[in-house]
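Under the working numbering, residues 356 to 481 are what the sequence shown spells out, in order. No residue lacks a Cβ here, since even glycine has one placed at the ideal position from N, Cα and C. Computed from a prediction, not measured in an experiment: that's the story for all the values here. So the structure is just underneath, and the comments pick up after that.
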Amino acid sequence: MDLFYHSLPGERKLRLHFHRFMLRVHEELTALQGQIDPLDIIADRFKTETDVLCFDEFFVTDITDAMLLGGLMKALFARGITLVATSNIPPDELYRNGLQRARFLPAIDAIKQHCDIMNVDAGCGR
């Protein structure tokens with residue numbers, strides 16, 4: 356991810372650990388209480404900042420994050436933001452056996468529709 360991020364031209368790129376990204380989303384949601392479509396507002400804010408969003412360690416264990424990600428991913432992709440993420444878990448396995456997982460499936464669908472999924476296993480033979 357370091358090599359990819361640093362080789363991207365321009366300044367309209369943002370790299371965050373996934374946990375830090377979700378903290379930011381939760382903070383913005385708190386500040387936007389009472390607003391209509393707060394996830395759209397958050398996506399607009401990300402778009403003012405970046406065209407490429409890079410996540411390290413994309414994983415979902417929290418039900419609140421799972422519920423937010425479907426709408427947020429859709430909103431980010433609708434604004435033309437490109438997602439590049441590392442994860443030890445393939446998209447179809449994210450939030451496996453989580454509460455209300457069916458409500459997270461739109462996030463998985465959006466990822467699969469808008470991203471190329473690649474296994475970049477180092478092949479260390481472990």
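query                                                                        : result
Pairwise C-alpha distance: residue 451 and residue 437                       : 25 angstroms
Exposure label - residue 393; buried when at least 16 CB within 10 Å         : buried
Span of the beta strand (DSSP E) around residue 437                          : 437–440
Simplified DSSP state of residue 410, which is helix, strand or coil         : strand
Range covered by the beta strand (DSSP E) that runs through residue 369      : 368–372
Distance, residue 381 Cα to residue 455 Cα                                   : 19 angstroms
Alpha carbon of residue 385 to alpha carbon of residue 424, nearest angstrom : 16 angstroms
Residue 459, enclosing alpha helix (DSSP H) - first and last residue         : Taken as a continuous stretch (DSSP letters only), residue 459 belongs to no alpha helix (DSSP H), as it is neither H nor E.
Residue 391 burial status per 10 Å Cβ neighbour count (16 or more: buried)   : exposed
Contact under 9 angstroms by Cβ, residue 371 with residue 409                : yes
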